[in-house]
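Heads up: the protein sequence lines correspond to chains A and B, in order.
Sequence positions in the first sequence follow my numbering and run 8 to 437.
Sequence positions in the second sequence follow my numbering and run 8 to 437.
To start, the structure itself, in structure tokens.
There are 2 protein chains.
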Amino acid sequence: MSTAKYSLPCLIAELPQYIDQRVVTAGWIHTVRRLGGVQFLVLRDGSGLIQVVQRDQALRLHPETVVSVVARVVRETRAPGGIELHEADITVLAEADSPLPIDLSASYAKAALPTRLTAAPILLRHPEAVKWLRMTDQLVAGFRHTLHGLGFVEIHTPKILGTATESGSNVFEVEYFGRKAYLAQSPQLYKQMMAGVLGRVFEVGPVFRAEPHDTARHLSQYTSLDVEVAFISDHRTVMGLVREVIAGMVDWAREKTPNTQDFWPEILPAIPIIHFAEALDLVSNGLGENFRAEPDLAPAHEAWLGQWAKNQYGSDFLFVEGYPTAKRPFYTHPDPSRPQYTRSFDLLFRGQELVTGGQRLHQYRNYVEALQKRGMSTEGLEGYLMAFQYGMPPHGGFALGLERLVARLMGFSNIREATIFPRDLKRLTP
Amino acid sequence: MSTAKYSLPCLIAELPQYIDQRVVTAGWIHTVRRLGGVQFLVLRDGSGLIQVVQRDQALRLHPETVVSVVARVVRETRAPGGIELHEADITVLAEADSPLPIDLSASYAKAALPTRLTAAPILLRHPEAVKWLRMTDQLVAGFRHTLHGLGFVEIHTPKILGTATESGSNVFEVEYFGRKAYLAQSPQLYKQMMAGVLGRVFEVGPVFRAEPHDTARHLSQYTSLDVEVAFISDHRTVMGLVREVIAGMVDWAREKTPNTQDFWPEILPAIPIIHFAEALDLVSNGLGENFRAEPDLAPAHEAWLGQWAKNQYGSDFLFVEGYPTAKRPFYTHPDPSRPQYTRSFDLLFRGQELVTGGQRLHQYRNYVEALQKRGMSTEGLEGYLMAFQYGMPPHGGFALGLERLVARLMGFSNIREATIFPRDLKRLTP
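Written as structure tokens, this is what we have:
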């Protein structure tokens with residue numbers, strides 16, 4: 008019988024385990040420098056970089072040539088990472104055209120953003136890009152690790168919906184076997200139904216917003232980290248969970264992602280909380296704005312509040328709770344003591360909204376009322392409403408935008424810089 | 008400063024830690040039985056079931072009523088799980104209408120499938136459904152755990168594409184800001200580009216197929232577990248990885264999912280492999296069919312081969328390698344010794360295709376040739392082709408359908424039974 012064996016060259020990150028041994032590794036030629044008869048190559052793979060010293064072989068190598076390298080791992084204190092490859096025997100596996108569409112030895116953000124996005128398949132090979140790609144992976148791993156540890160179950164919900172109920176605006180239309188359907192703007196209704204099944208659920212998946220504005224904070228598709236939890240007291244239980252989860256993500260990713268020490272925020276044991284009404288007062292005093300016409304927090308206001316929280320509490324994070332009913336979706340639980348406000352919240356991170364959440368309605372009759380009051384039909388919501396008709400616990404949840412978090416952590420001013428192949432008003436490729 | 012604390016009732020699965028203590032737990036009334044003046048309630052949450060013995064309280068409870076329970080955990084060897092709740096103080100958190108749209112105390116598959124799918128928000132609360140929901144979660148966790156351990160990085164790729172290049176048929180059309188766009192049928196082109204960046208990548212995400220047939224094996228949306236790996240020797244390296252990953256998933260999920268012992272297959276250290284041509288010979292001998300007109304394996308043939316592998320090798324799994332070039336997409340690497348065949352494979356599990364994979368082309372000129380030969384345009388593929396132009400290692404990968412795996416493991420005959428809210432030709436709700 009034939010067999011199939013999984014065996015690959017060593018990753019560069021694994022080489023410190025093989026000091027003084029001859030190993031097989033492979034990757035891309037990142038840079039080439041010649042000094043006398045010696046070539047100093049920097050080899051790159053997805054896990055790191057290493058210098059290869061090559062004396063005897065006459066190979067002339069361009070950047071991005073793909074090679075396999077058999078060489079001895081030697082300690083070299085002057086080399087980054089403390090090791091080098093000597094006595095290298097190099098085989099070319101694939102050639103690279105030259106010049107490259109973008110210079111990978113230059114600083115990461117040198118070219119203009121549109122150029123960088125078009126050249127993404129090559130630009131993402133830049134070590135700075137690999138850093139946020141790996142950081143993204145480990146943040147999500149930390150999200151899952153934390154939630155699994157707390158008894159949550161991961162779910163996968165439909166992204167094609169029969170009705171555009173949740174908001175109705177900014178929805179992409181899909182041609183579905185001769186019918187109209189819509190791309191999900193969030194897993195909201197599904198995670199609620201599943202909180203009615205499993206109690207504690209989460210999902211990591213794409214959500215779609217037909218965002219007609221070309222801003223630095225919005226994408227047509229982004230990755231939403233969604234959580235829903237049953238048997239809460241009120242939205243404060245959810246806010247406590249948000250803090251646990253973000254702390255879990257940061258702790259995990261900090262440990263697992265090398266060379267990112269500078270990026271991590273401190274997360275206070277209790278993240279400061281202010282009420283929406285109080286936030287408006289603070290901002291109107293601070294910025295001299297009058298909010299009577301449109302009581303809402305614009306990006307500039309969030310930025311101001313972020314700075315305020317930093318000065319006041321030394322915190323990168325600030326909860327704003329109690330958003331007005333008119334500004335929140337139909338499923339939002341009102342604040343019983345002040346029904347014009349809700350049991351909802353946003354979490355600002357470094358002055359930008361990162362998380363939105365709150366307690367949801369859980370009584371069937373309250374849903375019927377809330378939909379009526381907003382002039383919304385129950386059509387297409389039969390399944391969703393069924394969950395509340397047959398026993399739904401008090402519950403709530405939150406959603407965190409992954410690319411937005413990574414962009415803020417990395418200090419990118421545009422969310423597209425933290426998205427491998429962004430989709431927006433103009434961009435559908437690569 | 009206000010604070011938010013994350014504190015929830017105990018999960019039923021956690022109660023064995025609290026023998027002889029009084030705890031707060033919560034859930035749904037699963038069943039009610041009265042015997043003399045005593046109510047025997049079975050309480051259910053997403054983590055399990057427990058019997059509650061209630062003597063003094065006059066509460067009359069329907070199935071699916073949501074309750075909070077303060078009670079003492081006692082050892083009771085006759086109870087399932089070895090514990091019960093006594094001296095229960097019960098508070099109703101939410102009422103449930105009665106009768107239920109589907110009977111949760113009946114056997115899981117009692118009602119007809121359409122009825123069950125329409126009542127999914129309630130039916131999924133059935134303990135048998137919770138079993139496969141949790142199994143699904145842990146299979147995916149095992150997938151990630153195994154791949155992270157092997158140095159793979161998780162990615163999140165675009166689901167809206169500018170061109171329907173990969174196959175052209177069975178694609179959903181999206182109205183994208185006045186342009187036509189398409190839902191991704193797979194992350195294929197993106198995972199290849201990212202293998203050119205990170206070397207070892209994977210993705211877990213929705214894929215969309217406008218499948219115009221109403222079969223028991225197809226959905227319009229399913230969850231694809233995708234892997235792509237660089238620096239392989241050939242497709243056999245990928246097949247070796249498939250075995251590692253599936254064994255990792257099964258080991259992990261078996262350990263983490265209670266009451267599923269019966270479902271797990273044995274995975275031989277080397278999964279048997281046969282060539283496509285040999286498979287055709289076997290099937291034509293076995294079933295007396297003539298494959299000269301259409302050399303392909305239909306579901307009935309796969310079922311026959313599954314049985315053959317079971318008899319011949321005692322294996323639930325069988326690799327078929329070397330599918331004909333005409334049957335595989337343009338990026339498939341040909342078999343250099345027999346160019347009418349490819350370095351591709353399917354993995355059959357219990358007689359059904361579970362995994363598809365293979366080695367891909369990695370030279371730019373081979374892509375240009377392959378597209379030309381098939382009469383395909385390079386338009387919209389500029390970014391993809393850029394990756395090959397500037398140094399792409401030999402690489403390959405595979406895709407595994409999650410719902411299909413779970414359905415096979417659970418012994419469901421229809422893939423919809425392993426999908427929380429399936430989408431098909433007719434179904435867009437709930």
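Where is the CB? At the ideal position from N, CA and C, for every residue including glycine.
Predicted model, so just to flag it, every value in this text is computed and none were measured.
Measure from the alpha carbon of B/Gln268 to the alpha carbon of each residue in B/Met417, B/Leu120, B/Gln195, then state which is nearest. Numbered from 1 along the second sequence, position 261 holds the residue referred to as residue 268 of chain B. If you compare the alpha carbons of B/Met417, B/Leu120, B/Gln195 with that of B/Gln268, the shortest gap goes to B/Met417.
Bridge partners of A/Thr363, per DSSP? Counting from one through the first sequence, the residue named residue 363 of chain A turns up at place 356. Beta-bridge pairing links A/Thr363 to A/Asp353, A/Ala406.
What residue from A/His282, A/Gly158, A/Gly185 has the CA that sits closest to A/Val236's CA? If you number the first sequence from 1, residue 236 of chain A lands on position 229. Of A/His282, A/Gly158, A/Gly185, the residue nearest in Cα terms is A/Gly158.
Rounded to whole angstroms, what is the Cα-Cα separation between B/Arg67 and B/Val257? Counting from one through the second sequence, the residue named residue 67 of chain B turns up at place 60. Counting from one through the second sequence, the residue named residue 257 of chain B turns up at place 250. Answer to the nearest angstrom: the Cα atoms are 43 Å apart.
Where do the N-terminal and C-terminal ends of the beta strand (DSSP E) with B/His93 fall, by residue? In the second sequence, counting from the first residue as 1, residue 93 of chain B sits at position 86. B/His93 -> beta strand (DSSP E) spans 90 to 101.
I think B/Ala127 touches B/Phe419, with their Cβ atoms under 8 Å apart; what is that distance to the nearest whole Å? Locating residue 127 of chain B in the second sequence gives position 120, counting from the first residue. Locating residue 419 of chain B in the second sequence gives position 412, counting from the first residue. That belief does not hold up - the Cβ atoms of B/Ala127 and B/Phe419 are roughly 14 Å apart, past 8 Å.
Could you tell me whether the Cβ of B/Val162 comes closer than 9 Å to any Cβ of chain A? Against the second sequence, residue 162 of chain B aligns to sequence position 155. In the sequence on display, residue 162 of chain B carries Ile and not Val. Cβ-Cβ to chain A under 9 Å: yes for B/Ile162.
Please report the residue range of the beta strand (DSSP E) in which B/Gly212 lies. Start at 1 with the first residue of the second sequence, and residue 212 of chain B comes out as number 205. 207 to 215 is the extent of the beta strand (DSSP E) around B/Gly212.
Under 8 Å: do the region 265 to 281 of chain A and the region 159 to 172 of chain B share three or more Cβ pairs, one atom per stretch? no
Take A/Val249 and list the residues in its own chain whose beta-carbon comes closer than 7 Å to its own, dropping the five residues that flank it on each side. Residue 249 of chain A sits at position 242 when you count from the first residue of the first sequence. Same-chain partners within the cutoff: Leu354, Val362, Gly364, Phe405.
Exposed or buried, what is B/His45 when buried is set at 16 or more other beta-carbons lying within 10 Å of its beta-carbon? Counting from one through the second sequence, the residue named residue 45 of chain B turns up at place 38. The displayed chain sequence assigns Val, not His, to residue 45 of chain B. Looking at its Cβ environment, which holds fewer than 16 other Cβ atoms inside 10 Å, B/Val45 is exposed.
Would B/Ala116 pass as a contact of B/Glu424 if the rule is Cβ separation under 9 Å? In the second sequence, residue 116 of chain B corresponds to position 109, counting from 1. In the second sequence, residue 424 of chain B corresponds to position 417, counting from 1. Yes, the Cβ-Cβ distance between B/Ala116 and B/Glu424 is below 9 Å.
Pick from B/Gly387, B/Gln366, B/Ser351, B/Ala394: whose alpha carbon is nearest that of B/Arg372? Sequence index remark: in the second sequence, residue 372 of chain B carries index 365 (1-based). Measuring from the Cα of B/Arg372, the nearest candidate turns out to be B/Ala394.
Using a Cβ-Cβ cut-off of 9 Å, state whether B/His369 counts as contacting chain A. Within the second sequence, residue 369 of chain B is the residue found at index 362, counting from 1. Closer than 9 Å: yes.
Is the beta carbon of A/Gly212 less than 9 Å from the beta carbon of A/Thr170? Start at 1 with the first residue of the first sequence, and residue 212 of chain A comes out as number 205. Start at 1 with the first residue of the first sequence, and residue 170 of chain A comes out as number 163. Not in contact: A/Gly212 and A/Thr170 (Cβ atoms no closer than 9 Å).
When you check each C-beta in the region 191 to 209 of chain B against every C-beta of chain A, which residues fall closer than 9 Å? Leu196, Tyr197, Met200, Met201, Ala202, Gly203, Val204, Leu205, Gly206, Arg207, Val208
A/Glu21: which of A/Thr38, A/Leu289, A/Arg40, A/Ile90 sits nearest, CA to CA? For the purposes of this step, residue 21 of chain A is taken as the residue at position 14 of the first sequence. Looking at the Cα atoms, A/Ile90 is the closest of the given residues.
So, is A/Lys433 buried or exposed, given that buried needs 16 or more other C-beta atoms within 10 angstroms? Walking along the first sequence from the start, residue 433 of chain A turns up at place 426. Answer is exposed; the Cβ neighbour count stays below 16.
For A/Val181 and B/Thr10, what's the separation of their Cα atoms in angstroms? Within the first sequence, the letter at position 174 stands for residue 181 of chain A. Within the second sequence, the letter at position 3 stands for residue 10 of chain B. For A/Val181 and B/Thr10, the distance between alpha carbons rounds to 44 Å.
In chain B, which residues lie with their C-beta within 7 Å of the C-beta of A/Pro165? Walking along the first sequence from the start, residue 165 of chain A turns up at place 158. By Cβ distance, chain B contributes Gln228, Phe428, Arg430.
Mind pulling the chain A residues with CB within less than 7 Å of B/Trp271? For this step, residue 271 of chain B is matched to residue 264 along the second sequence. The premise fails here: B/Trp271 is roughly 19 Å from chain A at the closest Cβ pair, so nothing lies under 7 Å.
Taking the alpha helix (DSSP H) that A/Val257 belongs to, which residues open and close that run? Taking the first residue of the first sequence as position 1, residue 257 of chain A is located at position 250. Counting along the chain, the alpha helix (DSSP H) containing A/Val257 begins and ends at 242 to 263.
List the endpoints of the continuous beta strand (DSSP E) containing A/Trp35. Within the first sequence, residue 35 of chain A is the residue found at index 28, counting from 1. That run of the beta strand (DSSP E) goes 29 to 42.
From the DSSP secondary-structure annotation, give me the bridge partner or partners of A/Tyr189. Sequence index remark: in the first sequence, residue 189 of chain A carries index 182 (1-based). Beta-bridge pairing links A/Tyr189 to A/Leu168, A/Glu180.
Considering only residues of the same chain and omitting the five flanking positions on each side of B/Leu275, which have a CB-CB separation below 8 Å? What you label residue 275 of chain B is simply residue 268 of the second sequence in a count that begins at 1. Same-chain partners within the cutoff: Tyr320, Gly321, Ser322, Phe324.
I need the DSSP call for A/Pro429, collapsed to helix, strand or coil. The residue you call residue 429 of chain A lines up with position 422 of the first sequence. DSSP places A/Pro429 in coil when its eight states are reduced to three.
What is the residue span of the alpha helix (DSSP H) that A/Gly313 lies within? Within the first sequence, the letter at position 306 stands for residue 313 of chain A. First-last of the alpha helix (DSSP H) with A/Gly313: 306 to 320.
Could one say the Cβ of B/Phe394 lies closer than 9 Å to chain A's Cβ atoms, at least one of them? Translated into the one-based positions of the second sequence, residue 394 of chain B becomes position 387. The identity of residue 394 of chain B in the sequence shown is Ala, whereas the question assumes Phe. For B/Ala394, the answer is yes, since a Cβ of chain A falls inside 9 Å of its Cβ.
Going by C-alpha to C-alpha distance, which of A/Tyr391, A/His308, A/Val413, A/Thr264 sits closest to A/Met200? Mapped onto the first sequence, residue 200 of chain A falls at position 193. That would be A/Tyr391, whose Cα lies nearest to the Cα of A/Met200.
C-alpha distance - A/Leu111 paired with B/Glu328, whole-angstrom precision: In the first sequence, residue 111 of chain A corresponds to position 104, counting from 1. In the second sequence, residue 328 of chain B corresponds to position 321, counting from 1. When rounded, the distance between both Cα atoms is 38 Å.
Neighbourhood of B/Ile239 by C-beta distance below 7 Å, restricted to the same chain and skipping five residues each side: To locate residue 239 of chain B, count along the second sequence from 1; it is residue 232. Result list for B/Ile239: Val245, Gln366, Pro401, His402, Gly403, in chain order.
Quick check: the Cα distance between B/Pro306 and B/Gly358, rounded to an integer number of angstroms? Position 299 of the second sequence, counted from the start, is the residue given in the question as residue 306 of chain B. Position 351 of the second sequence, counted from the start, is the residue given in the question as residue 358 of chain B. The C-alpha of B/Pro306 lies about 8 Å from the C-alpha of B/Gly358.
Limits of the unbroken beta strand (DSSP E) element including A/Arg141: Residue mapping note: residue 141 of chain A aligns to position 134 of the first sequence, counting from 1. First-last for A/Arg141: 134 to 156, but that is the alpha helix (DSSP H), not the beta strand (DSSP E).
Applying a beta-carbon distance threshold of less than 7 Å, which residues of chain A neighbour B/Glu182? As a working mapping, residue 182 of chain B is identified with position 175 in the second sequence. Residues of chain A passing the Cβ test: Phe179, Glu180.
For the beta strand (DSSP E) that B/Glu7 lies in, which residues bound it at each end? For chain B, the structure presents residues 8 to 437; residue 7 of chain B sits outside this window and is missing.
Short CB-CB distance (under 9 Å) between B/Leu472 and chain A: No answer is possible for residue 472 of chain B: the residues shown for chain B start at 8 and end at 437.
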